[in-house]
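Notes to accompany the following structure.
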Amino acid sequence: MITLDLNKVIKTDLIIIGVGSIPNTSVFENSELIIENGIKVNEFCQSSIEDVFAAGDVANFYHPHYGKYMRLESYKHAQNHGIFCC
Numbered sequence: 000m001i002t003l004d005l006n007k008v009i010k011t012d013l014i015i016i017g018v019g020s021i022p023n024t025s026v027f028e029n030s031e032l033i034i035e036n037g038i039k040v041n042e043f044c045q046s047s048i049e050d051v052f053a054a055g056d057v058a059n060f061y062h063p064h065y066g067k068y069m070r071l072e073s074y075k076h077a078q079n080h081g082i083f084c085c
């Protein structure tokens, strides 16, 4: 059973939660990309290689509100990050 906001209850037999993914950056091991918990990018999603951008789960970006680099692992962030980079 899951209790949501406003005390809405959903009965279920199984709950699956996925937390803490690891980005697959092995394809970039012999490149000039800076890999630190994902592909490190600046505030414009630019990587350490000119004209190469990264967004979504694989991008390790600086978040000014928290004052640190971070990766966010959600479909909504991946979607919005991709739009932002364009």
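For the sequence shown, numbering that gives the first Met the number 0 assigns the number 0 to the initial residue and increments by one for each residue that follows. Every residue, glycine too, gets a C-beta built ideally from N, C-alpha and C. Computed from a prediction, not measured in an experiment: that's the story for all the values here.
Three-state secondary structure assigned by DSSP to residue i
i, result
"Tyr87", "Residue 87 lies beyond the range of the chain shown here (0 to 85); nothing can be said about it."
"Lys75", "helix"
"Val8", "strand"
"Phe43", "coil"
"Ile82", "helix"
Contact belief for residue i with residue j at Cβ below 8 Å, rounded distance in angstroms
i, j, result
"Ser20", "Leu32", "So it is not a contact: roughly 19 Å between Cβ atoms."
"Val57", "Gly81", "The pair is not a contact, with the Cβ atoms about 11 Å apart (cut-off 8 Å)."
"Ile16", "Phe27", "Not a contact, Cβ separation roughly 29 Å."
Nearest neighbour of residue i, chosen from the options [CA to CA]
i, options, result
"Asn41", "Asp56, Tyr68, His64", "Tyr68"
"Lys75", "Ala54, Val8, Leu3, Ser25", "Ala54"
"Leu13", "Leu71, Phe27, Met0", "Met0"
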